[in-house]
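Just so you know, the sequence shown maps onto residues 16 to 549 in our numbering. In this text, a Cβ means the ideal position worked out from N, Cα and C, and glycines have one as well.
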Amino acid sequence: MNKTFNINLGSYPFAIDEDAYEYIQNYLDTIRRHFSASDGCEEILYDIEVRMAELFQEHLKGRAIISMKEIDEVIMIMGKPEDFGAEPMAESHESSSRGKKSDTKIKPGKRLFRDPDDKKLAGVCSGISAYLGIEDPLWVRLIFAILLFTGTGVITYIILWALVPEASNAGDKLAMRGEPATIHNIAKVVEEELTDLGDKLNEWSKDLGSKKKSDDVNQGFQAKSILAEGVNMIGKVASNIIPVIRQIFKPIVIVSAIVLLSVLGISWAASFVGLSFAAPVLFSMGPDSTFLSYLGIGSLFFTIGLPILGIMLFVARLGFGYRIHKNIKTGFWTVWFLSLFSSMFAGMSTIKDYSSRHEFNTMTDYNIESQDIHIAMPEENLDHTFGIHMDKFFVEKGDQWAVRDVTLKVEKSKDALVHVERFVSARGSDLSEAQQNSLYVGNDLTVNGNEISISKFLTIPRKNKYRNQSVDYVIYVPEGKNVSFDNNVKERMRESSLFSWDQIYTDMKDLKWTVKGNSVFSGEWNNLMHHKKR
């Protein structure tokens, strides 16, 4: 049975078995001998120990003692001494990594740190630029400078200063740039720091020519240090308090996560059911190609559904610590981008099918002898039919689609007859198709005595595509005639030379309007406006 030792590696305590202990001692001694001539030998060795300690914590996964298995895994990441030009280790124990070249090409994920080596105040901007892969942090600094004028720049910077840790060792600085923390890279970072420090000391010695200047620099440095220490202290306190708050509120978070997951699940199911039921309408509005219609609807479902699923998984991660495999994430993103591009392609094809417009008009004359003319749009009970009920905009009516896109306006007639001008328009991929689509538009208008009745819906055959068909009426009323409307008319009535918006958007049911000159007069409406002003 192997002995167990307690060691301190980079200020982290570990229990380690005898074989692993001898191997790691040999490993660190070889590294120390290699860097013994360097001024930063001790700092290099310390940073290497810190990085190894972090890796051991990751690879132990709850196990109490470091064994050769963990040693092999860490050495494969850090690299063997001979990989960076040191003498080979005199290994006293066999290792499964013997004879293998360590994988120094591992590309770890980036981590957000404050960069102490390229900072103007706290290194927030340079740390963000390193995380985002921006070579010059000037651009990030410019963004924060612009945010100063919005009032959010200062508070955002202070929050990031407090919560984002500083890259305090070589391993942190490599993680900040997304580079592997191998022995070679750690040594390179430390030696670069020593070189930069020497250059800065030379510059300071040249600049501090007078005592006054020296005192000013020291005072500025002390003030900056006090500010930095204060914000760092806030960050440390926050980092200690947040885990406690997290434990206290964990049951609430779990319940909230369950509720939110349920809501998101219902939303996704509702979007699926909604798209399924709306499929006939979407097919009618969609491209002429059946394949593109199916592609567009399917892609739209995944484009909407996958982000909802992603939010569900994110909530599950926060509430329950659930993590999704990287390959599944990649698959989700791949499917979502393919769905997005497919939706865009189907959308562009649909836009093309609406690119041309055709309109024609007809004029019908009516001799209505009555002094009073009533214009009505009767209610039509289509609630029992299938469709998209946006105020009954698009519904199914037998073998036709009923579309709520009928408008009217009232103008003055030039003679004693009532004239009804009907404008029909439609769109298509070209002028010929738009003209063909306009010919299949239907709408019922009847004149019975003194009443003009217009259907609120136009109709198109189910076999035809919806291409923004519309029907617009202009009713010309002779001067001196009285005209009245039912309340349904005002919803579809447009402004004209006779009627203003103020007159249209009143309760028109019991009002009579007399055409006089280029306007209309209503005593009832005038009284109504007078009472409203009072």
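Query, Result
"Counterpart residues of His-389 in DSSP-defined beta bridges", "Glu-466 and Ser-499"
"Unbroken stretches of the beta strand (DSSP E), 3 residues or longer, contained in the stretch 408-454", "409-412, 415-418, 421-427 and 433-443"
"Pairwise C-alpha distance: Met-300 and Arg-477", "11 angstroms"
"Inter-stretch contact (C-beta, 8 angstroms, three-pair minimum) for the stretch 340-352 and the stretch 431-443", "no"
"Reduced DSSP secondary structure (H/G/I, E/B, other) of Glu-394", "coil"
"Buried versus exposed, by CB contacts within 10 Å (16 or more), Lys-531", "exposed"
"Boundaries (first-last residue) of the alpha helix (DSSP H) holding Asn-41", "33-49"
"CB of Thr-305 within 7 angstroms of CB of Ser-358, strictly", "no"
"Rounded straight-line distance, which links the Cα of Ile-80 to that of Phe-29", "7 angstroms"
"Lys-531 - DSSP class collapsed to helix/strand/coil", "strand"
"Under the three-state DSSP convention, the category Tyr-481 falls into", "coil"
"Within 7 angstroms, strictly: CB atoms of Ile-366 and Lys-496", "no"
"Local Cβ density within 10 Å of Asp-118, reported as buried at 16 or more and exposed below that", "At Asp-118 the pLDDT is 46, less than 50, meaning the model places this residue with poor confidence; the figure from the coordinates comes in the next sentence. Asp-118 comes out exposed."
"Segment limits, beta strand (DSSP E) that includes Met-91", "No beta strand (DSSP E) contains Met-91, which is instead part of the alpha helix (DSSP H) from 83-93."
"Arg-509 to Phe-356 span [Cα, whole Å]", "40 angstroms"
"C-beta atoms of Leu-513 and Val-425 nearer than 7 angstroms", "yes"
"Cβ contact (3+ pairs, closer than 8 angstroms) linking the stretch 479-489 and the stretch 366-376", "yes"
"6 angstroms Cβ shell around Tyr-481 - same chain, five flanking residues per side excluded", "Ser-299 and Met-300"
"Contained alpha helix (DSSP H) runs [length at least 4] in the stretch 130-156, N- to C-terminal order", "139-147"
"According to DSSP, residues forming a beta bridge with Val-350", "Looking at the DSSP assignment, Val-350 forms no beta bridge with any residue, so it has no partner."
"Classification of Gly-114 by the beta-carbon crowding that lies within 10 angstroms, buried from 16 upward", "Any reading at Gly-114 is ruled out, since the residue's pLDDT is 44, under 50, leaving its predicted position unreliable."
"Straight-line Cα distance separating Lys-134 from Phe-236", "The predicted model places Phe-236 with a pLDDT of 49, which falls under 50 and marks its position as unreliable, so this point remains unresolved."
"Distance cut-off 6 angstroms: Gly-148 Cβ against heavy atoms of the ligand ADP", "Ligands in the displayed structure: none, and consequently the ligand ADP is not present."
"Under the three-state DSSP convention, the category Ser-299 falls into", "helix"
"Endpoints, the beta strand (DSSP E) within which Glu-374 is located", "371-381"
"Glu-57 (DSSP reduced to helix, strand or coil)", "helix"
"Beta-carbon proximity list for Glu-109, same chain, < 8 angstroms, skipping 5 on both sides", "For Glu-109, the predicted structure reports a pLDDT of 46, less than 50, and the residue's modelled location is therefore unreliable. The matter cannot be settled from this model."
"Local conformation of Gly-193 per DSSP, three classes", "coil"
"Contact under 7 angstroms by Cβ, Asp-34 with Met-67", "no"
"Cβ separation of Pro-180 and Arg-129, assumed to be a contact under 8 angstroms, to the nearest whole Å", "7 angstroms"
"For His-108, three-class secondary structure by DSSP", "With a pLDDT of only 48 at His-108, under 50, the local geometry of the prediction cannot be trusted, and the value read off the model is given with reservation. Residue state, collapsed to three classes: coil."
"Buried or exposed by the 16-neighbour rule on C-beta atoms within 10 Å, applied to Glu-394", "exposed"
"Leu-24 and Glu-64 closer than 7 angstroms at C-beta", "yes"
"Residues sharing a beta bridge with Ile-22, DSSP", "Phe-29"
"Reduced DSSP secondary structure (H/G/I, E/B, other) of Ile-80", "strand"
"Trp-528 and Val-504 closer than 7 angstroms at C-beta", "no"
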